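Residue numbers (our numbering): 33 to 834.
Positions of the beta carbon are idealized from the N, C-alpha and C atoms, including for glycine.
These numbers come from a predicted model, not from an experiment.
Here's what the structure looks like:
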């Protein structure tokens, strides 16, 4: 069954991704939570959950305590905390959806906790071991920038957790917290890292069968780190000992061992009482097991490998700890076989060079003691997965989900719909294509190239040919890029037909050490790597490392002529002309420049608008050029003898738009065009009576700002399928009939809404651009690409009956 492709990145904050035993990866992406399923080939994002009003800071699967063959049960709930001061409990429903309230009888329970300040972290602990209880007692700990920690308790069969305790640390700021059970005990243990580099331990007497509310008290303070403790994680070994791993900005990791104290003779005076604490009539001892020094920068994440428990003892040698740092490396630590308490570095993976920062978090995959996958996510929101290869006996990079890590401003399809190229304020352009695997049920879109990594925020792009595109950024220059031999070869493995690609000489591209321009790199015909690329027929999706290093396109031309930053552009469908416009507050700089793509010379300057042109579109037959502007007007230019002349423009008197016109679109037959504005008006204008300057139809969407428009590439019985993007992030679909013949011979207009995507299905911030994939058949299954300020790109599969 077709699905929506979602390309998005992880927010650049710690604790913002978690890999559950259920095999699913959840992570925060702008104001939403994404659920990624890596089980099929490269995997895909299956859900985007949106209710938060600001950036998501932390996500966490709620671990269930009941055991199945020695493992924790699969998670069905997760926590998400946000800058908006709320923590949401998302519960999985029987229909494989996540929701926040019971809209129908089969929806699972969820809740919203109002913390009152920016949520920095959250953790949870299931307090029921009853295998028959789906939702037992749940203890939740939340921390915020106001300097305190709040504890919440959800009773069995009660939907909403209630606030039970607030722990105030005075002038000390809590950095992170973790919850677990004490060894051989039902008492919860809370570890809190403070900004003075200490770790406070809290515990309480808690009877799972009683209704008493727990009250945590401080029992111990751990010191040793010289800077902030950023992350902590608990695990339990086969002997019933509890291990706490703490990572710090002092570049070290400390392992603390918590074990129940056995009765000792009075002659033993070496045991320090300060390292012990008592709770529930049991005494526990804390010892420093080891100090791990291997990273060269802040250690942002630690994670114990999931191990079996409850089915006999587990050998201590099976314990593994994963750590990640801002030095761009991940390390797997294991205890030495001979020397007790000594841990050694067994595996080190990561990045070398580049201009990116290091890793914010790391996770073992849900592979149990096999340890087949490890994951890290970094400053640019990208995931890095390494998979253990039995054949090669080494860790190898694995394809991962990915996307832009800032506002996505524009997108464009290849003329034959083979790939989609997107531009973002993260200063990159990216290409997405469909992976046609052997199993047709597992066809998946994924990122195949990153042709431009720029020094300015991108603002727009346009495809001139399958192998050429133009891009604009927050600079006065328009840049032209040409595909490489490596990209053509890669596309050949995905699509058998690339005959419209000319013979490309540039093998690849690179940026010089002291330069900003992508330079072409050429390889001789006898080079073995070139031969292997040309003859290889096995396709593997590129890893994040490949995308960053090996997929650039060379820059072939620069176009100078604008006085301010480039804002929008459009290309004629035959690729012969390129229209560009820049930011402006005067008529002089609001002019549209036309460029000949054969000579790259400016051939015409179209002057009409008073303020910035916000969007331009050539008609499908290339006879007209339409532009809309911040001056609340549109203008229409018609080609005559290879030049475009102004033939119509909106007037101040009868203009239906009273606010900025953000977008415009043409119907496939070039008979009508549409304009959409901030005031919530969509006007449909006919070409055959353009001299009257009267809209054929006006659609009022009740004061919702219209930011993107696109008509489907199929026309049936004078009916058009229109996609509308809003500032709220929603996408609406309408069937528009601007010229319907009535029985009396007269004509009428009609418009009906047939479908709508909410902020979880579409986007949760401004929709910047919509574009249907080019079609060669007459079926009514459409693929719509959309991009948004929420950092995501989506391709929606839409079935509609015109």
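**OP:** Could you tell me the distance, in whole angstroms, from the CA atom of residue 814 to the CA atom of residue 796?
**Re:** 22 angstroms
**OP:** To the nearest angstrom, report how far apart residue 500 and residue 467 are at their CA atoms.
**Re:** 22 angstroms
Original post:
Residue range of the beta strand (DSSP E) that residue 729 falls in?
Top reply: 729 to 732
**OP:** With DSSP as the reference, label residue 309 as helix, strand or coil.
**Re:** strand
Original post:
Which same chain residues, not among the five before or five after residue 722, have their C-beta less than 8 angstroms away from its C-beta?
Top reply: 668, 679 and 680
**OP:** Compare the Cα-Cα distances from residue 327 to each of 405, 220, 212 and 358 and report the closest residue.
**Re:** 358
Original post:
Can the beta-carbon of residue 324 be found closer than 8 angstroms to that of residue 361?
Top reply: no
Subject >> Where residue 736 sits in the DSSP three-state scheme >> reply: coil
Original post:
Cβ atoms of residue 484 and residue 460: under 8 angstroms apart, would you say?
Top reply: yes
Original post:
How many angstroms separate the CA atom of residue 137 from the CA atom of residue 748?
Top reply: At residue 137 the pLDDT is 25, less than 50, meaning the model places this residue with poor confidence; the figure from the coordinates comes in the next sentence. If I take the Cα positions, the gap works out to 40 angstroms.
Original post:
According to DSSP, is residue 352 helix, strand or coil?
Top reply: coil
Original post:
residue 508 to residue 651, Cα distance in whole Å?
Top reply: 26 angstroms
Original post:
In this structure, what does DSSP give as the bridge partners for residue 495?
Top reply: 501
Original post:
In whole angstroms, what is the alpha-carbon distance linking residue 150 and residue 53?
Top reply: 28 angstroms
Original post:
For the alpha helix (DSSP H) that contains residue 581, what are its first and last residues?
Top reply: 576 to 582
Subject >> Simplified DSSP state of residue 347, which is helix, strand or coil >> reply: The predicted model places residue 347 with a pLDDT of 44, which falls under 50 and marks its position as unreliable; any figure quoted below should be read in that light. Coil at residue 347, not helix or strand.
Subject >> Cutoff 7 angstroms; reference residue 846; Cβ partners in own chain excluding five residues on either side >> reply: The structure shown does not extend to residue 846, since the chain spans only 33 to 834, so no value can be given for it.
**OP:** Note down the Cα distance separating residue 699 from residue 740, rounded to an integer number of angstroms.
**Re:** 14 angstroms
Original post:
Are there 16 or more other CB atoms within 10 angstroms of the CB of residue 724, so buried, or fewer, so exposed?
Top reply: exposed
Original post:
Do residue 321 and residue 20 come within 8 angstroms of each other at the CB atom, strictly closer than that value?
Top reply: Because the chain here runs from 33 to 834, residue 20 falls outside it and cannot be looked at.
**OP:** Excluding the 5 residues preceding and the 5 following residue 185 in the sequence, name in chain order all residues of the same chain whose CB lies nearer than 8 angstroms to its CB.
**Re:** 169, 170, 171, 172, 193, 194, 196, 245 and 246
Original post:
By the 10 Å Cβ neighbour count, where 16 or more other Cβ atoms means buried, how is residue 34 classified, buried or exposed?
Top reply: Bear in mind that a pLDDT of 48 at residue 34, under 50, signals an unreliable position, so the number given afterwards is only what the model happens to contain. Per the 10 Å Cβ criterion, exposed.
Subject >> CB contact check: residue 453 to chain C, cutoff 8 angstroms >> reply: Among the chains in the structure shown there is no chain C, since it carries only a single protein chain.
Original post:
What is the rounded straight-line gap between the Cα of residue 235 and the Cα of residue 310?
Top reply: 9 angstroms
**OP:** Examine the Cβ distances between the segment 621 to 631 and the segment 526 to 534 and report whether three or more of them are shorter than 8 angstroms.
**Re:** no
Subject >> Beta-carbon proximity of residue 579 to residue 482, cut-off 8 angstroms >> reply: yes
Original post:
Touch check for the segment 221 to 237 and the segment 108 to 123: three-plus C-beta pairs under 8 angstroms?
Top reply: no
**OP:** Taking the CB atoms as reference points, tell me whether residue 785 and residue 764 lie closer together than 8 angstroms.
**Re:** yes
**OP:** Could you check what DSSP says for residue 298 in three-state terms: helix, strand or coil?
**Re:** Unreliable positioning characterises residue 298 in this predicted model, as indicated by a pLDDT of 45, which lies under 50. A coordinate reading is not provided.
Original post:
My guess is that residue 441 and residue 490 are in contact by the Cβ rule of under 8 angstroms, so how many angstroms apart are they, rounded?
Top reply: 6 angstroms
**OP:** Determine the DSSP secondary structure at residue 107, reduced to helix, strand or coil.
**Re:** coil
**OP:** Determine the closest residue to residue 29 out of 223, 40 and 633, with distance taken between C-alpha atoms.
**Re:** A question about residue 29 goes unanswered here, because the residues of the chain that appear run from 33 up to 834.
Original post:
Between residue 768 and residue 593, what straight-line distance do the alpha-carbon atoms span, to the nearest angstrom?
Top reply: 40 angstroms
Original post:
From residue 276 to residue 221, what distance separates their C-alpha atoms?
Top reply: 11 angstroms
Original post:
Are residue 825 and residue 539 close, meaning C-beta to C-beta below 8 angstroms?
Top reply: no
Original post:
What span of residues does the alpha helix (DSSP H) with residue 518 cover, start to end?
Top reply: 517 to 526
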